[in-house]
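Mapped onto my numbering, the consecutive letters of the sequence shown carry residue numbers 5 to 405.
Where is the CB? At the ideal position from N, CA and C, for every residue including glycine.
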Amino acid sequence: MSSDEDDVILLWWWARQKKISKKRRYWVHPINVSNICSSTSVVANELHSDPDKFKTFYRMSKSNFDNLVHIVGPKIFKKDTNFRIAVPVEERILITLRFLATGCNFRALAQHFMRGETTVGKIIAETTEAIWECLQPTYLPVPSLELWKNIAARYNLLWQLPHCLGSIDGKHIRIKKFNNTGSRNFNYKGFFSIQLLACADADGCFITVDIGDLGRNSDGGVFRLSRLGRWLEIGGMNVPQSEPLPHDNEGPNFPYYFCGDEAFPLKSYLLRPYPQKTLNDQKRIFNYRLSRGRKSVECAFGMMVSKFRVFETPIACSESTVISIVKCACALHNYIRKTEGKLYESQNINSQDEINIPHHLTQHQQAVHNLSTASSVREYLSSYFLRPEVSLPWQWKYAVE
Numbered sequence: 005m006s007s008d009e010d011d012v013i014l015l016w017w018w019a020r021q022k023k024i025s026k027k028r029r030y031w032v033h034p035i036n037v038s039n040i041c042s043s044t045s046v047v048a049n050e051l052h053s054d055p056d057k058f059k060t061f062y063r064m065s066k067s068n069f070d071n072l073v074h075i076v077g078p079k080i081f082k083k084d085t086n087f088r089i090a091v092p093v094e095e096r097i098l099i100t101l102r103f104l105a106t107g108c109n110f111r112a113l114a115q116h117f118m119r120g121e122t123t124v125g126k127i128i129a130e131t132t133e134a135i136w137e138c139l140q141p142t143y144l145p146v147p148s149l150e151l152w153k154n155i156a157a158r159y160n161l162l163w164q165l166p167h168c169l170g171s172i173d174g175k176h177i178r179i180k181k182f183n184n185t186g187s188r189n190f191n192y193k194g195f196f197s198i199q200l201l202a203c204a205d206a207d208g209c210f211i212t213v214d215i216g217d218l219g220r221n222s223d224g225g226v227f228r229l230s231r232l233g234r235w236l237e238i239g240g241m242n243v244p245q246s247e248p249l250p251h252d253n254e255g256p257n258f259p260y261y262f263c264g265d266e267a268f269p270l271k272s273y274l275l276r277p278y279p280q281k282t283l284n285d286q287k288r289i290f291n292y293r294l295s296r297g298r299k300s301v302e303c304a305f306g307m308m309v310s311k312f313r314v315f316e317t318p319i320a321c322s323e324s325t326v327i328s329i330v331k332c333a334c335a336l337h338n339y340i341r342k343t344e345g346k347l348y349e350s351q352n353i354n355s356q357d358e359i360n361i362p363h364h365l366t367q368h369q370q371a372v373h374n375l376s377t378a379s380s381v382r383e384y385l386s387s388y389f390l391r392p393e394v395s396l397p398w399q400w401k402y403a404v405e
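What follows is the structure, given as structure tokens:
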């Protein structure tokens, strides 16, 4: 027998063995055809009867879950077919909430709910987008003029920051590198990410979010290219017109503004702290007052990450799914916070000790009345914070002493 014949026989035997060893592919694996023993039917039934356990497992109360099913259900409902039974609406939302709560991979989640791995991935992608589309108009609406004024009044009540419409900050969302993207999402912290730019109100609820910018970009650059930044630059977004500050009826019309950290540009509608190297007592007090107001967005990020542990590890999904996951988490944060959360309480400033303003500051307060530039707006507000009627009793201790 020639070597050519040997090669042909060997090739035939290899092809036959490969065909024999090839595993049969199922449309729906027999194990998953009837998932009556899955966590959905066994554990979930037990959790439904224990409100505390349910909230720990899915990060929201049973009543809020039922309401969420009512809101989102019509958008994600699937009809049964002659070939298989559709995944129920309740289970679709439970799978999504469990993924957000733990951040576990699709394989572990599929085993937990006894569903296919591909099925779980499609459910999460569809449900997160549906939750955002259903909750956003109610819990993250485009603010009206009346809503902006309510936010500003709440900010002044809680954080003693008059005319403030919200605090702005960015957050890096960890991801597994997207295919064919190179290093464009590699940030200065040393990991791959996309940007979440958010504006939060005084109670730590998101007012607006912008998601998906490159991880390598700075907060200031992301803000400049964001929808919020572009709208504010042209005077849109229903922002209230300038008017005198509280206890300053004889003063100039002062603009409404947002507060941010040093990464953001100084604008008449966006105030940032004074640079550290140029600080005097007046500027230190301004920085302290601004940083108090800026805590609201930091608290919003903290509460969201604490509730949804998916943000503690890199998210291994496509870019569109990652964006849907982040949007869904922001909407759910507002939904849960406004229905279950305890809002902040104002501090009783009047009960504090008498305010003693240093003499050298009362003698040298600058009279700024022309507010045509961002620097003059910041200067006027820093001087305003030194007045006895708006000064905080403890600001001298924390900012100056």
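Under the Cβ criterion (8 angstroms, minimum of three pairs), the region 125-133 does not count as touching the region 164-178. Going by beta carbons, K342 and C209 fall inside the 8 angstroms limit. Around the beta carbon of H251, fewer than 16 other beta carbons sit within 10 angstroms, so the residue counts as exposed. Using a C-beta cut-off of 8 angstroms, the region 143-153 makes no contact with the region 187-196, since fewer than three inter-stretch Cβ pairs fall below that distance. Q115: member of the alpha helix (DSSP H) spanning F110 to F117, first to last residue. A residue is called buried once 16 or more other Cβ atoms fall within 10 Å of its Cβ, and E95 is buried on that count.
Counting along the chain, no beta strand (DSSP E) covers T325; the unbroken alpha helix (DSSP H) around it starts and ends at E323 to T343. Contact check between the region 152-161 and the region 233-246: three or more CB pairs, one atom from each, fall below 8 angstroms, which counts as touching. Taking the CA atoms as reference points, Q399 sits about 10 angstroms from N291. A Cβ-Cβ distance of about 19 angstroms is found for the pair I172 and I327, leaving them out of contact under the 8 angstroms criterion. The criterion of a C-beta distance shorter than 8 angstroms is not satisfied by A335 and L201. In the three-state scheme derived from DSSP, where H, G and I count as helix and E and B as strand, C203 is classed as strand. DSSP places R178 within a strand segment (E or B) once states are collapsed to three. Just so you know, the alpha carbons of G233 and M118 end up roughly 45 angstroms apart.
For the 8 angstroms CB-CB criterion, Y384 and L396 do not form a contact. Checking the DSSP bridge columns, you'll see V213 partnered with A202. Across the set N221, V12 and T212, the C-alpha of T212 shows the shortest separation from the C-alpha of V301. A direct Cα-Cα distance of roughly 16 angstroms separates K175 from K311.
Note that the C-beta distance between F389 and I289 is below 8 angstroms.
Around the beta carbon of K83, a 10 Å sphere encloses fewer than 16 other beta carbons of the protein chains shown; the residue is thus reported as exposed. Look at the beta carbons and you see the region 109-129 not touching the region 72-79: under three pairs across the two are nearer than 8 angstroms. Closest by C-alpha distance to V91, out of S65, I238, I128 and L270, is I128. Relative to E344, the option among R20, I329, N71 and L14 whose CA is nearest is N71. DSSP links C263 through a beta bridge to S171 and L275.
The C-alpha of Q280 is placed about 14 angstroms away from the C-alpha of L294. Counting along the chain, the unbroken alpha helix (DSSP H) around R296 starts and ends at D285 to K311. Just so you know, the alpha carbons of R158 and E266 end up roughly 24 angstroms apart. According to the DSSP assignment, L236 belongs to the alpha helix (DSSP H) that extends over R231 to E237. Counting the other CB atoms within 10 Å of its CB gives V314 a total of 16 or more, which places it among the buried residues. In its chain, beyond the 5 residues on either side, G174, D217 and V226 have a beta carbon closer than 6 angstroms to the beta carbon of Q199.
The straight-line gap separating the alpha-carbon atoms of L98 and K287 is approximately 50 angstroms. K271 is not a Cβ neighbour of A105, given a cutoff of 8 angstroms. Contact annotation, F182 with E323: C-beta distance approximately 5 angstroms; criterion of less than 8 angstroms satisfied. DSSP places E95 within a helical segment (H, G or I) once states are collapsed to three.
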